[in-house]
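A.B. asks: Sharing a structure below in structure tokens format, with a few things to ask.
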Amino acid sequence: MANALWIFKLLLLLGLSVLLYTVFLLVPRPSVSQKLHKFKEDFVSVYKSRLQQKIPEVEVLPIPTEHNVFSQSFIEPKTNPVKENLPKEHLDQWLRRFHPQPTDKFDHSKHKHFQKTLISNDSLCRNSAVDILVYIQSSPENHARRQAIRESWGNGAVFLDIYMKLVFVVGKSTNKESQHKIKASITYESIQYKDILMLDIVDTFQNITLKSINALHWIYNICPQAKYILKTDDDIYVNIFQLIEYFMPQVWNKEKAIICHYKTEGTSPIVRASNSKWYIPNNVFVGKQYYPFGFCTGYAILFTSNLLPEMYNMSLRVPYIGIDDVYAFGLLLKDIKNITVINAQRNFTLNQNAALSEYEGSKPISHVVASAWAQNSMSRFWYATIRKLSNWGKLHCKLSTK
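Going letter by letter, the sequence shown gives residues 1 to 402 in this note's numbering.
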């Protein structure tokens, strides 16, 4: 009797298991492609929600009466005062600079350093006025840094009447095993934001010069209407309001001008150690211990777009070296005549903590460019910038500062 009861329970349990398994098979489940589609939809939804988030309103501190003093080592420009009553539908005088449109494009077939583009957003500047074109050297893996810039100072939508475009210049990942995965990620990022220029070169320090040459080519052909070019890196914060307000009046009426942290001739040592990323072989600049020409340090450089064709043409014949700022903003510039140089060394800093202390403290802001490598430092700089906007900044900014 006991054995029969045990067998009955076993059969009942087996029957229930079969029934549950049958129900499991009959219930429709999403396929792998459906799961991927759902993941993509969720991913896009998250991005859109982040883009639509509004920056919270902040209280504006009283504008300090003390004015920043900017270094003018090379010229003493005659600047025009900011006119606070300019109509918003028109730009300040220094953004009305005359810029003749080029009638032809660079022929890349003539350039031995031209690289194939894997991603090129050629419609970035199409049918649009462009006052400032910002191009940022970025490593392919640095999505978070690119996003931080898009959501802060690099977002041209914060301006009422100033037209700014942004492009990130990247190469291929140095990790061959993950190149395909990172390329797919950047492709998707480009679809979302349309601000990526990806070159078919490995993104190493020695190849940054190649990225610069190809960026100059791309900007001239795709965004010829740009009046000013700002070159920087993805770990740098630029106070775009102060850069425009205080520096552009110094160069707006100059045909060819450049603003940067400038290293004068004979002050920057040439590194001969072969294990250094700044290595220069002994057969280059023979017998020299210091660079025999001045150059702009590459972390932030603002220049008038009139320099583009001359810089590009110089790159056709100037011997290549793999140090970006020395080559692109030293060797290529040294034989171009009538360049106005503003040395902004006092207002550009790589000391992130000192700059953050200044921005978040009560003192006036004097550093227009600062290193921002730490997590959340970009947003901290940005909120402090909005909090301390000048009267000019408030006039041109879309964000509420009440």
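We put the CB at the ideal spot given by N, CA and C, even for glycine.
Just so you know, these numbers come straight off a predicted model, no measurement behind them.
With a 10 Å radius around its C-beta and 16 neighbouring C-beta atoms as the bar for buried, classify F8 as buried or exposed.
C.D. replies: It is exposed - the Cβ of F8 has fewer than 16 other Cβ atoms within 10 Å.
A.B. asks: Fully enclosed by the region 203-255, which alpha helix (DSSP H) runs are 4 residues long or longer?
C.D. replies: If we require 4 residues or more, the alpha helix (DSSP H) runs fully inside the region 203-255 come out as 208-222.
A.B. asks: Could you tell me which residues DSSP puts in a beta bridge with M164?
C.D. replies: The partner list for M164 (beta bridge, DSSP) reads I132.
A.B. asks: Short of 6 Å in beta carbon distance, which residues of its chain neighbour S173, apart from the five on each side in sequence? Order them along the chain.
C.D. replies: Around S173: P140, Q179 and I182.
A.B. asks: What residue range does the beta strand (DSSP E) around G427 cover?
C.D. replies: Because the chain spans 1 through 402 in this model, residue 427 falls outside it and cannot be assessed.
A.B. asks: State buried or exposed for F205, treating a residue as buried only when at least 16 other CB atoms are found within 10 Å of its CB.
C.D. replies: The residue in question, F205, is exposed, as its Cβ has fewer than 16 Cβ neighbours within 10 Å.
A.B. asks: With C-beta atoms as the reference, is V368 less than 8 Å away from F348?
C.D. replies: Result yes, Cβ atoms of V368 and F348 sit closer than 8 Å.
A.B. asks: Taking buried to mean at least 16 other C-beta atoms within 10 Å of its own C-beta, is T267 buried or exposed?
C.D. replies: With fewer than 16 Cβ atoms within 10 Å of its Cβ, T267 is classed as exposed.
A.B. asks: Within a Cβ cutoff of 8 Å, which residues of the same chain sit near F293, ignoring the five residues on either side of it in sequence?
C.D. replies: For F293, where only same-chain residues beyond five positions count, the Cβ hits under 8 Å are E265, G330, L331 and K334.
A.B. asks: Is the beta carbon of I365 less than 8 Å from the beta carbon of N275?
C.D. replies: Contact flag unset, no.
A.B. asks: Do you know offhand how far A344's Cα is from H261's?
C.D. replies: If you take the alpha carbons of A344 and H261, they lie about 5 Å apart.
A.B. asks: Need the endpoints of the alpha helix (DSSP H) that L118 sits in, please.
C.D. replies: That residue, L118, is in no alpha helix (DSSP H); its beta strand (DSSP E) goes T117 to S120.
A.B. asks: Pick helix, strand or coil for H396, following the three-state DSSP scheme.
C.D. replies: Here H396 sits in helix by DSSP.
A.B. asks: So, under 8 Å CB-CB, V284 and I321 are touching, yes? Tell me the CB distance rounded to an integer number of Å.
C.D. replies: Rounded, the Cβ-Cβ distance is 6 Å, consistent with contact.
A.B. asks: With C-beta atoms as the reference, is F473 less than 8 Å away from I258?
C.D. replies: Only positions 1 to 402 of the chain appear in the structure, and residue 473 is not among them; the question remains open.
A.B. asks: Figure out for me which residue from N214, V158 and N142 has the closest Cα to the Cα of Y383.
C.D. replies: Taking only the C-alpha atoms, the option nearest Y383 is V158.
A.B. asks: Taking one C-beta from the region 163-172 and one from the region 197-204 each time, how about it: are there three or more such pairs within less than 8 Å?
C.D. replies: Because the criterion of three Cβ pairs below 8 Å is met, the region 163-172 and the region 197-204 touch.
A.B. asks: Assuming V130 and L230 make a contact with CB atoms under 8 Å, what is their CB distance in whole Å?
C.D. replies: Not a contact, Cβ separation roughly 12 Å.
A.B. asks: In chain order, what residues of the same chain lie with their CB nearer than 8 Å to the CB of N282, ignoring the 5 residues before and after it?
C.D. replies: For N282, where only same-chain residues beyond five positions count, the Cβ hits under 8 Å are R272.
A.B. asks: I182 lies in the alpha helix (DSSP H); which residues open and close that run?
C.D. replies: Start and end: Q179 to Y193.
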